[in-house]
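Contents: one structure, followed by commentary.
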Amino acid sequence: MPPENRITSNRAFIFAIAGAAIGLGNIWRFPYVAGENGGSLFFLLYIIFVVLLGLPVMVAEIVVGRAGRASPASSLRQLAVSAGHTRHWSKLAWMGTMAATMILSFYSVVSGWVLHFFFQSLTGELTANSIQATSIHFQQLLESPWQVVLYHGLFIVMTVAISGRAISKGIERLNNWLMPLMYMILVVLLIYASQFSGFAPALDYLFAFRFEAVSSGVVLEAMGHAFFTLAIGACCLMAYGAYMPERQSVIKAVLVVALLDVLVAVMVGIATFAVVFSEGLSVAEGPGLMFITLPVALAQMPFGSLVLPLFFLLLVMAVWTSAVNLAEPLVVVMSRLCSGFRATGAAIAGVMIFLVGLIPGLSFSVWKQVSLNGKTLFDLYTAFATQVMLPAVGLLVLYFCGYIMERKVLAEQLGMQGKSLKTWQLLIRWVSPALLLMVIIGELFQF
5 MPPENRITSN
15 RAFIFAIAGA
25 AIGLGNIWRF
35 PYVAGENGGS
45 LFFLLYIIFV
55 VLLGLPVMVA
65 EIVVGRAGRA
75 SPASSLRQLA
85 VSAGHTRHWS
95 KLAWMGTMAA
105 TMILSFYSVV
115 SGWVLHFFFQ
125 SLTGELTANS
135 IQATSIHFQQ
145 LLESPWQVVL
155 YHGLFIVMTV
165 AISGRAISKG
175 IERLNNWLMP
185 LMYMILVVLL
195 IYASQFSGFA
205 PALDYLFAFR
215 FEAVSSGVVL
225 EAMGHAFFTL
235 AIGACCLMAY
245 GAYMPERQSV
255 IKAVLVVALL
265 DVLVAVMVGI
275 ATFAVVFSEG
285 LSVAEGPGLM
295 FITLPVALAQ
305 MPFGSLVLPL
315 FFLLLVMAVW
325 TSAVNLAEPL
335 VVVMSRLCSG
345 FRATGAAIAG
355 VMIFLVGLIP
365 GLSFSVWKQV
375 SLNGKTLFDL
385 YTAFATQVML
395 PAVGLLVLYF
405 CGYIMERKVL
415 AEQLGMQGKS
425 LKTWQLLIRW
435 VSPALLLMVI
445 IGELFQF
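Just remember that my numbering sits 4 ahead of the position in the sequence shown, which is counted from 1.
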């Protein structure tokens with residue numbers, strides 16, 4: 005693998021993986037899902053499932069990539085054949101790439117909404133609106149095909165502009181700049197939110213455990229969110245494993261990334277709930293919490309006209325780094341088909357993602373009449389991609405690492421021997437797969 009297609013330092017690798025993990029799941033989805041599922045209880049379950057479910061799949065993907073030092077498909081094929089198994093395990097990478105394409109297609113649509121609100125916040129058009137006015141504005145955006153397609157396309161261009169460059173000059177540089185800046189903005193927002201009356205209730209809401217809210221729905225939601233928020237199951241971390249520095253510890257890197265990922269979710273959750281509670285608004289507002297409730301709440305607070313663009317800038321940076329990383333498996337495949345020309349491969353990948361994204365993008369306008377059991381095409385599309393396809397790929401990745409990959413290769417990549425390796429194998433062979441099956445079965449029953 006050429007030097008320009010390797011990540012140059014341990015810090016840069018952690019930033020790259022963190023960039024993949026930290027995105028809509030942390031900043032957009034976590035606050036409203038926590039709000040709908042009891043706050044503190046959901047947060048506790050989320051942490052548990054990050055450890056038992058998210059981290060094992062995350063480590064498994066990176067290990068396959070680093071052991072193979074090639075594209076996800078080549079790494080899987082090489083490791084399977086060397087262990088005496090069928091070369092058709094390479095098809096798992098195609099499943100992951102398909103999942104990543106579906107996710108990035110709707111991810112780009114939602115990121116287009118973020119761009120729209122960011123531009124609106126800069127012009128001051130959001131700060132004077134009421135809940136009703138902002139809700140109407142958001143609905144008009146969703147029902148406007150040309151606006152949705154325009155912002156969806158703009159975000160794809162932003163993604164391809166980075167993905168088309170060599171790893172060290174594109175993805176690595178973007179993450180090295182934006183990840184520290186993202187945390188700086190988060191600290192500023194948290195300090196700002198701490199000045200208001202809703203700060204203490206926000207802490208209580210997230211950290212005071214209320215076990216009376218336990219239900220199977222909350223448990224499944226926490227499992228699914230722990231899986232979705234770490235960018236696993238799409239083989240993008242498998243691609244990044246191939247770029248990983250030789251001497252870096254997989255376990256240590258993953259633990260740091262998981263900590264950074266949870267930290268962002270907690271900081272955003274506290275800041276969001278503090279602002280919303282201070283204005284006496286509801287936190288259980290679903291996806292509209294970020295696009296309706298929070299802008300209106302901030303508009304009523306001191307310096308809200310300055311803080312609102314800062315918040316949406318944070319969201320733009322998060323979705324940009326995450327999208328670039330999600331695009332990597334498809335970019336790798338397209339680049340190989342284009343004789344190694346990464347820029348051409350990225351452009352083709354961008355066109356594909358744009359076209360597929362028209363399905364969820366137009367589900368609120370052109371195809372708004374299409375529904376099943378009360379769920380829109382957007383709901384069905386996103387649920388199938390994130391809560392069925394991703395867990396299914398993750399389950400197969402765990403099986404590959406637990407039963408197909410040679411034990412000595414796994415031990416070498418993890419730096420484990422004896423009891424620690426046996427404990428790890430128990431986790432990836434039994435515990436994590438059982439939890440993943442619960443997610444898949446639970447979601448299938450909701451379709």
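Here a beta-carbon is modelled for each residue, glycine too, at the ideal position from N, C-alpha and C.
From this set, the options, which residue's C-alpha is nearest residue i's C-alpha?
| i | options | result |
| --- | --- | --- |
| Glu-40 | Val-266, Pro-364, Trp-371 and Ser-219 | Ser-219 |
| Leu-49 | Ser-282, Ile-18 and Gly-228 | Gly-228 |
| Leu-56 | Leu-259, Val-37 and Ala-104 | Leu-259 |
| Ile-140 | Val-300, Val-320 and Leu-400 | Val-300 |
| Gly-94 | Gly-88, Met-106 and Arg-81 | Checking the displayed sequence, the identity of residue 94 turns out to be Ser instead of Gly. With distances taken between Cα atoms, Ser-94 lies closest to Arg-81. |
| Leu-319 | Asn-14, Thr-390, Val-152 and Met-186 | Met-186 |
| Ile-363 | Asn-14, Val-153 and Leu-119 | Val-153 |
| Gln-143 | Ile-296, Val-336, Ile-274 and Ala-64 | Ile-296 |
| Val-172 | Ile-432, Ser-13 and Gln-391 | The sequence shown places Ser at residue 172, not Val. It is Ser-13 whose Cα lies nearest to the Cα of Ser-172. |
| Ala-87 | Cys-405, Asn-377, Tyr-247 and Thr-348 | Cys-405 |
| Leu-312 | Gln-252, Thr-427, Phe-123 and Gly-27 | Phe-123 |
| Asn-377 | Phe-449, Gly-27, Met-393 and Val-222 | Phe-449 |
| Gly-128 | Cys-239, Ser-367 and Leu-310 | Leu-310 |
| Leu-224 | Gln-304, Leu-45, Ile-31 and Ser-109 | Leu-45 |
| Val-67 | Val-443, Leu-418, Ile-444 and Phe-47 | Leu-418 |
For my contact list, residue i and residue j are in at a C-beta cut-off of 8 angstroms; report their separation, rounded to the angstrom.
| i | j | result |
| --- | --- | --- |
| Leu-402 | Val-85 | Wrong, their Cβ atoms sit about 20 angstroms apart, outside the cutoff. |
| Pro-149 | Val-370 | 6 angstroms |
| Phe-159 | Gly-398 | No, Phe-159 and Gly-398 are not in contact; Cβ-Cβ is about 26 angstroms, not under 8 angstroms. |
| Met-183 | Glu-65 | Rounded, the Cβ-Cβ distance is 20 angstroms, inconsistent with contact. |
| His-89 | Ile-408 | 5 angstroms |
How is the alpha helix (DSSP H) around residue i delimited, first residue to last?
| i | result |
| --- | --- |
| Ser-309 | 308-330 |
| Leu-224 | 220-233 |
| Ser-109 | 95-127 |
| Val-435 | Here Val-435 belongs to no alpha helix (DSSP H), and DSSP marks it neither H nor E. |
| Asn-41 | Neither: Asn-41 is in no alpha helix (DSSP H) and is coded neither H nor E. |
| Gln-151 | 149-167 |
| Trp-428 | 422-430 |
| Pro-395 | 394-403 |
| Gln-252 | Here Gln-252 belongs to no alpha helix (DSSP H), and DSSP marks it neither H nor E. |
| Thr-297 | Looking at the DSSP string, Thr-297 is not in any alpha helix (DSSP H), and its letter there is neither H nor E. |
| Tyr-407 | Here Tyr-407 belongs to no alpha helix (DSSP H), and DSSP marks it neither H nor E. |
| Met-242 | 240-247 |
| Ile-21 | 14-25 |
| Phe-358 | 346-365 |
| Gln-143 | 135-146 |
| Val-61 | 59-72 |
| Trp-486 | What is shown of the chain runs 5 to 451, which leaves residue 486 out entirely. |
| Val-85 | 76-86 |
| Asn-30 | First-last for Asn-30: undefined, no H or E at that position. |
When the Cα atoms are used, what is the spatial distance from residue i to residue j?
| i | j | result |
| --- | --- | --- |
| Leu-59 | Ala-25 | 12 angstroms |
| Ser-78 | Tyr-385 | 29 angstroms |
| Ala-415 | Gly-72 | 14 angstroms |
| Ile-11 | Leu-126 | 35 angstroms |
| Gly-174 | Ile-166 | 5 angstroms |
| Tyr-111 | Pro-35 | 17 angstroms |
| Val-323 | Ser-115 | 6 angstroms |
| Gly-69 | Pro-249 | 12 angstroms |
| Ile-51 | Leu-267 | 11 angstroms |
| Thr-325 | Trp-98 | 23 angstroms |
| Ile-357 | Leu-334 | 9 angstroms |
| Met-162 | Tyr-155 | 11 angstroms |
| Leu-130 | Val-254 | 44 angstroms |
| Arg-15 | Arg-33 | 27 angstroms |
| Tyr-464 | Pro-395 | Limits of the chain in this structure are 5 at one end and 451 at the other, which puts residue 464 out of reach. |
| Asn-180 | Gly-100 | 26 angstroms |
| Gly-365 | Leu-314 | 26 angstroms |
| Val-435 | Trp-428 | 10 angstroms |
| Val-279 | Ala-226 | 24 angstroms |
| Val-118 | Gln-421 | 47 angstroms |
Tell me, please, which residues DSSP counts as bridged to residue i.
| i | result |
| --- | --- |
| Leu-376 | Lys-379 |
Between residue i and chain C, is there a C-beta pair that is closer than 8 angstroms?
| i | result |
| --- | --- |
| Phe-200 | The structure shown contains no chain C; it holds only a single protein chain. |
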